[in-house]
Amino acid sequence: MLIRLLAALLFLFPLSAHAEQVVAALSQTRVSVNANFDGSEILVFGAVKRDAPQPQDSPLDVIITVAGPEKVETIRRKDRRFGIWINVEAQIIGHTPTFYTVATTRPLDDILPPLTDSLWKITAEKRILPALRGDPAREALVRLRIEDDLYRTRENEVSLSQDTLFNTAIALPANITEGNYVTRIFLLRNGEVIDSYGTSINVQKVGIERLLYNLAYNQALIYGIMALAIAAISGWAASEIFRLIRR
Amino acid sequence: MQLFLPIAEVSVNAFTLLGLGGLVGVLSGMFGVGGGFLITPLLFFVGIPPAVAVATSANQIVASSVSGVLAHFKRKTVDLKMGLVLLAGGLVGSAIGVQIFNLLKAMGQVDLLVTLCYVVFLGVIGFLMLIESLRALKRAKNRPGGRPERKKHLWVHTLPFKMKFRASGLYISAIPPIGVGLMVGMLGAVMGVGGGFIMVPAMIYILGMPTKVVIGTSLFQIIFTAGFTTLLHAYTNHTVDVLLAFLLLVGGVIGAQIGTQIGLRLKAEQLRIALALLVLLVCLKLGLDLLIPPGELYSLER
Numbered sequence: 011m012l013i014r015l016l017a018a019l020l021f022l023f024p025l026s027a028h029a030e031q032v033v034a035a036l037s038q039t040r041v042s043v044n045a046n047f048d049g050s051e052i053l054v055f056g057a058v059k060r061d062a063p064q065p066q067d068s069p070l071d072v073i074i075t076v077a078g079p080e081k082v083e084t085i086r087r088k089d090r091r092f093g094i095w096i097n098v099e100a101q102i103i104g105h106t107p108t109f110y111t112v113a114t115t116r117p118l119d120d121i122l123p124p125l126t127d128s129l130w131k132i133t134a135e136k137r138i139l140p141a142l143r144g145d146p147a148r149e150a151l152v153r154l155r156i157e158d159d160l161y162r163t164r165e166n167e168v169s170l171s172q173d174t175l176f177n178t179a180i181a182l183p184a185n186i187t188e189g190n191y192v193t194r195i196f197l198l199r200n201g202e203v204i205d206s207y208g209t210s211i212n213v214q215k216v217g218i219e220r221l222l223y224n225l226a227y228n229q230a231l232i233y234g235i236m237a238l239a240i241a242a243i244s245g246w247a248a249s250e251i252f253r254l255i256r257r
Numbered sequence: 002m003q004l005f006l007p008i009a010e011v012s013v014n015a016f017t018l019l020g021l022g023g024l025v026g027v028l029s030g031m032f033g034v035g036g037g038f039l040i041t042p043l044l045f046f047v048g049i050p051p052a053v054a055v056a057t058s059a060n061q062i063v064a065s066s067v068s069g070v071l072a073h074f075k076r077k078t079v080d081l082k083m084g085l086v087l088l089a090g091g092l093v094g095s096a097i098g099v100q101i102f103n104l105l106k107a108m109g110q111v112d113l114l115v116t117l118c119y120v121v122f123l124g125v126i127g128f129l130m131l132i133e134s135l136r137a138l139k140r141a142k143n144r145p146g147g148r149p150e151r152k153k154h155l156w157v158h159t160l161p162f163k164m165k166f167r168a169s170g171l172y173i174s175a176i177p178p179i180g181v182g183l184m185v186g187m188l189g190a191v192m193g194v195g196g197g198f199i200m201v202p203a204m205i206y207i208l209g210m211p212t213k214v215v216i217g218t219s220l221f222q223i224i225f226t227a228g229f230t231t232l233l234h235a236y237t238n239h240t241v242d243v244l245l246a247f248l249l250l251v252g253g254v255i256g257a258q259i260g261t262q263i264g265l266r267l268k269a270e271q272l273r274i275a276l277a278l279l280v281l282l283v284c285l286k287l288g289l290d291l292l293i294p295p296g297e298l299y300s301l302e303r
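Read top to bottom, the protein sequences are chains P and U. Position in the first sequence counted from 1, then plus 10, gives you the working numbering. Position in the second sequence counted from 1, then plus 1, gives you the working numbering.
Structure, rendered in structure tokens:
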């Protein structure tokens, strides 16, 4: 969806004749969440393809963003009632990515003017519900996500060698949400995006994780009975084992 | 060793969970309580979403109660008839409790409800227990040997629908046991506890049951109410995490055996004072969280 949108944008804003193009790849496009999943690191790497010698007037920069699956959130506000702090207000807040990270070659202020940022929705500030900016609930959501290290800004984390090869490592968190992680790579010169590339990483539970999750949601009754059976059997086994040991 | 929990959807250290289960197991072995009232807040603390913590604790309580009740069956300290009457109330109670839980979850007040329940019940019970055991300690000092307490004529003996409970040596109305079961079942569903810490005093002080059958009977009926609660939570909320429950109970059963050994070496009054202080400490911590202005006013639903 987003990729198609980007393609449309590319079409609408013809870039400077595509003198420089980005070619990129990921170390993995599938992440399997199994029982011992503890976060994952994905290497994003690539090169700049040129038809002509590169312009000398301005430096080249790379920005890489990864956005997790989107979710509608309910955000609640606490206030003091009858002397205690309780939730008093709930607000449903539209599709926001559960994870968002921005990695750059240089500080964002130096390479990305606000206008370009708004156009391409690169930083979290511009990407996350821009229409609701200033709304305390939206600000709180962004703040909470930053505190939980789910929204990250990593300036100077993309290494670019000889203005051609670039790479960075994107760390996916341990408490990950399943779904598609949309990855975008931007090439910038003079504060303008000269090329971009989009791809995605598929994060999925596998093995016993998948099995238990599906069972719990699709066959809830069987799952519940299974949970009880496990509990009853282990309770019985424990008492038997300790009875034997004590003899 | 990090472990990704399939339902809670968080990655936690497996040894932390085993240790947590073990710690609560030691305490439950020492004091003869289920430990649910400790495990649920501790799970909140390690980052398990509250709804999953409450439902999974109920599952873990089934395991520890089964393990405990088998020992009591061998010693014939379970009043089956009383257990079944309590259970009748308990099942209705836990069905109501899960409904209340879901309603408040939709309203965003589930944390408040759970915390308030904890503060009120832990506060009252901890305080009563402390006073009672301090008094008992004083009595034991003043009059070595003590005097056996005469069975009092309680108000519950005047109600209709009388039933004979042979193992407890009681001939009382069925209404109070059903009522006690109902209350405890409801609290269990809301708080994710077996309710032993409410059930045991209620059986002694309201129903007038002899102490020797109290724990076995309470455990017997808790198996079924906690089991029913687990099933309801699993069916309506999908919040029971079997992997989490399993780790907790492995730690728990080992801890319980160690706890029992420690418990045998301490005096009953000292044990009760220690338990009372522990209960009050948990209550105080939860209570302060309600009173102190939070650093962050906003929270995301999980």
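All C-beta atoms, glycine included, are put in the ideal place defined by N, C-alpha and C.
Amino acids of chain A, ordered along the chain, whose beta-carbon sits closer than 9 Å to that of Q100 (chain U): Given the protein chain composition of this structure (P and U), no chain A is represented.
Cβ neighbour criterion (16 or more within 10 Å) applied to R155 (chain P): buried
Any C-beta of chain P under 8 Å from that of G109 (chain U): yes
Exposure of I263 (chain U), with buried meaning 16 or more beta-carbon neighbours within 10 Å: exposed
Proximity below 8 Å, CB of L6 (chain U) to CB of L244 (chain U): yes
Cβ neighbours of L117 (chain U) in the same chain (closer than 8 Å, five flanking residues each side left out): L291
Any chain U beta carbon closer than 8 Å to I96 (chain P): yes
Neighbour flag for N185 (chain P) against chain U, beta carbons, 8 Å: yes
Per-residue burial, E297 (chain U) [other beta carbons within 10 Å of its own, 16 or more giving buried]: exposed
C-beta neighbour in chain P for P178 (chain U), strict 8 Å: no
Beta-bridge partners of L197 (chain P), as assigned by DSSP: P:V72 and P:D205
Reduced DSSP secondary structure (H/G/I, E/B, other) of T226 (chain U): helix
Within chain U, partners of I234 (chain P) - CB distance below 7 Å: It should be noted that the sequence gives Gly, not Ile, for residue 234 (chain P). Residues of chain U passing the Cβ test: T231, L232, A235, Y236 and V241.
Closer than 8 Å to chain P by CB, Y119 (chain U): no
For G98 (chain U), the three-state DSSP class (helix, strand or coil): helix
Chain P within 8 Å of N103 (chain U), Cβ atoms only: no
For L122 (chain P) and I74 (chain P), believed in contact at Cβ under 8 Å, the rounded distance: About 13 Å separates the two Cβ atoms, so there is no contact after all.
Separation of V79 (chain U) from T218 (chain U), as counted between CA atoms: 5 Å
Neighbour flag for Q51 (chain P) against chain U, beta carbons, 8 Å: Per the sequence presented here, residue 51 (chain P) reads as Glu, with Gln not at that position. Taking Cβ atoms only, chain U never reaches closer than 8 Å to E51 (chain P), which makes this a no.
Listed by chain order, chain U residues near R148 (chain P) by CB distance under 7 Å: Chain U residues near R148 (chain P): none, gap ~10 Å exceeds 7 Å.
G245 (chain P) vs V67 (chain U) beta-carbon contact at 8 Å: yes
Closer than 8 Å to chain U by CB, V43 (chain P): yes
Closer than 8 Å to chain P by CB, G228 (chain U): yes
Own chain residues within Cβ distance below 6 Å of D127 (chain P), not counting five before or after: T133 and K136
Closest residue to I101 (chain U) among U:V191, U:E10 and U:Y172 (Cα-Cα distance): U:V191
For L19 (chain U) and K131 (chain P), the rounded distance between their alpha carbons: 45 Å
Extent of the continuous beta strand (DSSP E) run through S42 (chain P): R40 to V43
E188 (chain P) in three-state terms, based on DSSP: coil
Those runs of the alpha helix (DSSP H) which lie wholly inside the stretch 216–281 of chain U and span at least 4 residues: 243–266
Interface positions of the stretch 163–183 of chain P facing chain U (Cβ-Cβ less than 7 Å), listed along the chain: none
Contact set between L154 (chain P) and chain U, taken where Cβ atoms lie within less than 9 Å: E297, Y299, S300 and L301
Contact list for F247 (chain U) against chain P, beta-carbon separation under 8 Å: I240 and S244
is_contact[E150 (chain U), chain P] using C-beta, thresh 8 Å: Only weak support is given to the placement of E150 (chain U): the predicted model assigns it a pLDDT of 48, under 50, and the value that follows is read from those uncertain coordinates. No, E150 (chain U) lies away from the interface with chain P (no Cβ there is under 8 Å from its Cβ).
Near-chain P residues of the stretch 68–90 of chain U (beta-carbon distance less than 7 Å), N- to C-terminal order: S68, L71 and A72
Per-residue burial, I71 (chain P) [other beta carbons within 10 Å of its own, 16 or more giving buried]: Before going on, a small fix: residue 71 (chain P) reads as Asp here, not Ile. Burial call: buried.
Runs of beta strand (DSSP E) wholly within the stretch 18–49 of chain U (minimum 3 residues, chain order): none
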